[in-house]
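A short write-up of the structure that comes next.
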Amino acid sequence: MVVYGTSASSVLASNQILNVLGSEVVRGHLEASYITVETASVYGVQAGPKQVLVNGLEAAFSYQNQVLSVTDLGLNLNQNFTVSWS
1 MVVYGTSASS
11 VLASNQILNV
21 LGSEVVRGHL
31 EASYITVETA
41 SVYGVQAGPK
51 QVLVNGLEAA
61 FSYQNQVLSV
71 TDLGLNLNQN
81 FTVSWS
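Take 1 as the starting number for the sequence shown in the UniProt record's numbering and just add one per residue.
Put into structure tokens, the structure is as follows:
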């Protein structure tokens, strides 16, 4: 697992072997509840996925040059979320 960034409110990590990107809230803050994640980009994805799930639901995505982009997420930064692809 690789941790990409941390803040007072969340940790964002991905596991390329398991094809998962996740965000875990470490310490919630009121300010974080006003921030949403609209797009997530994962670099170094070796093959184009057939399906992308966000919290278990199918999501819109694009894939080009080993970059997976997932759009229209509307995820609250103050809540855990998982993006997986296969």
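C-beta: ideal position from N, C-alpha, C; glycine also.
Provide the residue(s) that pair with residue i in DSSP beta bridges, ordered along the chain.
i, result
"Leu75", "Val37"
"Gly48", "None; Gly48 has no bridge partner."
"Glu58", "Leu53"
"Gln64", "Val67"
"Val26", "The partner list for Val26 (beta bridge, DSSP) is empty, contrary to what the question assumes."
Compare the C-alpha of residue i against each of the options and name the closest.
i, options, result
"Tyr34", "Asp72, Ser23, Leu77 and Leu21", "Leu77"
"Leu73", "Gly48, Val37 and Gln66", "Val37"
"Gln79", "Ala59, Tyr43 and Leu30", "Leu30"
"Val67", "Leu18, Gln46 and Leu75", "Gln46"
Can you determine whether any heavy atom of the ligand MG sits closer than 7 Å to the C-beta of residue i, and answer yes or no?
i, result
"Thr71", "With respect to the ligand MG, the structure offers nothing, as it holds no ligand at all."
What is the C-beta distance between residue i and residue j, in whole angstroms, given that I count them as a contact (C-beta under 8 Å)?
i, j, result
"Leu53", "Ser23", "About 15 Å; that fails the 8 Å criterion."
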